[in-house]
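Engineer: For the record, in the sequence shown the residue sitting at position 13 is 18 according to the working numbering, with numbers rising by one throughout.
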Amino acid sequence: MANIDTLIFDLDGTLYPNDNGYVDHIRGNAERFIHETLGVPAEEAGPTRKKALALANQTALGLRMQGFDFVTEDLVSCMREGAELFMTPDKEVQDFLSTLCQKKKMYIFTNTREVHAREALELLGLSSYFLEVYGADFMGDCCKPQEAAFQKVLDDISVDAKSCVMFEDSLKNLRTAKFMGMTTVFITSEDDEQGVSEEGGTRDPDLSQVADAIVTTCTSSALLPQLPLLWNA
Numbered sequence: 006m007a008n009i010d011t012l013i014f015d016l017d018g019t020l021y022p023n024d025n026g027y028v029d030h031i032r033g034n035a036e037r038f039i040h041e042t043l044g045v046p047a048e049e050a051g052p053t054r055k056k057a058l059a060l061a062n063q064t065a066l067g068l069r070m071q072g073f074d075f076v077t078e079d080l081v082s083c084m085r086e087g088a089e090l091f092m093t094p095d096k097e098v099q100d101f102l103s104t105l106c107q108k109k110k111m112y113i114f115t116n117t118r119e120v121h122a123r124e125a126l127e128l129l130g131l132s133s134y135f136l137e138v139y140g141a142d143f144m145g146d147c148c149k150p151q152e153a154a155f156q157k158v159l160d161d162i163s164v165d166a167k168s169c170v171m172f173e174d175s176l177k178n179l180r181t182a183k184f185m186g187m188t189t190v191f192i193t194s195e196d197d198e199q200g201v202s203e204e205g206g207t208r209d210p211d212l213s214q215v216a217d218a219i220v221t222t223c224t225s226s227a228l229l230p231q232l233p234l235l236w237n238a
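(1) Taking 8 angstroms as the cut-off, decide whether the C-beta atoms of D10 and K109 are in contact.
(2) In angstroms, rounded to a whole number, what distance separates the CA positions of L131 and A141?
(3) Within its chain, find whatever has a CB closer than 6 angstroms to the CB of P233; leave out the 5 residues flanking it on each side and keep chain order.
(4) Alpha carbon to alpha carbon, how far is N34 from D217? Give it in angstroms, no decimals.
(5) From the DSSP output, read off the bridge partner residues of C147.
(6) Return the first residue and the last residue of the alpha helix (DSSP H) that T181 is part of.
(7) So if DSSP puts K110 in a beta bridge, which residue, or which two residues, is it bridged to?
(8) Under the assumption that L80 contacts G67 (Cβ atoms under 8 angstroms), give the Cβ distance between them as a whole number of angstroms.
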């Protein structure tokens with residue numbers, strides 16, 4: 006195994022739990038925008054949002070693929086408003102990242118816009134641990150799980166995939182990371198639209214082929230037994 010010197014983290018459902026209410030809040034805001042701004046009947050707003058994620062794994066791109074025209078910034082701002090009601094620091098996560106940032110280069114790689122990702126990191130008390138945030142503005146017309154999006158980030162950091170660990174709650178995204186040669190950490194949840202559920206199953210029998218570590222939270226106590234190489238200098 007190559008020397009691991011770069012850690013890349015997803016944001017939503019990875020550095021805070023899906024069950025804190027924020028993810029459901031985002032989805033509700035998205036459906037409100039789809040109904041009120043895009044004119045979709047209220048009863049069809051939920052299925053339209055879910056179809057967008059199935060198509061592109063990102064709401065904005067998925068809606069465009071369905072033929073909707075809108076200002077991306079308006080949609081994302083609507084989806085992300087109210088973050089301060091849900092985002093609070095978690096000392097275990099802070100301690101975990103504080104320890105690792107002394108040994109590794111750490112980055113955020115998310116399908117949302119950078120401005121909203123940075124706001125969330127500030128609310129979570131995690132901003133100081135990351136060298137850069139890569140989001141929708143940087144990726145442009147591509148997004149996770151597309152290999153082109155991953156490669157764009159790797160090229161900007163100037164690292165090889167084999168020297169990276171990817172932390173994700175999306176199996177679709179994790180499959181791409183693993184295919185490209187990254188070490189992978191799968192953060193599980195009971196969310197019925199994410200993780201194993203996003204691929205239509207209750208449990209993936211090949212999960213060990215996709216994830217080098219499987220945890221419910223990004224903490225030292227969860228990851229040290231499974232992936233001690235994270236703490237190697």
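Note that beta-carbon positions come from the ideal geometry of N, C-alpha and C, so glycine has one too.
Being a predicted model, the structure only gives us computed values, none of them experimental.
Structural biologist: Reading off the structure:
(1) For D10 and K109, yes; Cβs fall inside 8 angstroms.
(2) Cα-Cα distance, rounded: 20 angstroms.
(3) Taken in chain order, the list of residues that qualify is empty.
(4) Looking at the two C-alpha atoms, the distance is approximately 34 angstroms.
(5) Partner(s): none; C147 has no beta bridge.
(6) Membership of T181 in the alpha helix (DSSP H) is indicated by the continuous run L176 to M185.
(7) Answer by DSSP bridge pairing, in chain order: T11.
(8) Going by Cβ atoms, the distance from L80 to G67 rounds to 11 angstroms, so no, they are not a contact pair.
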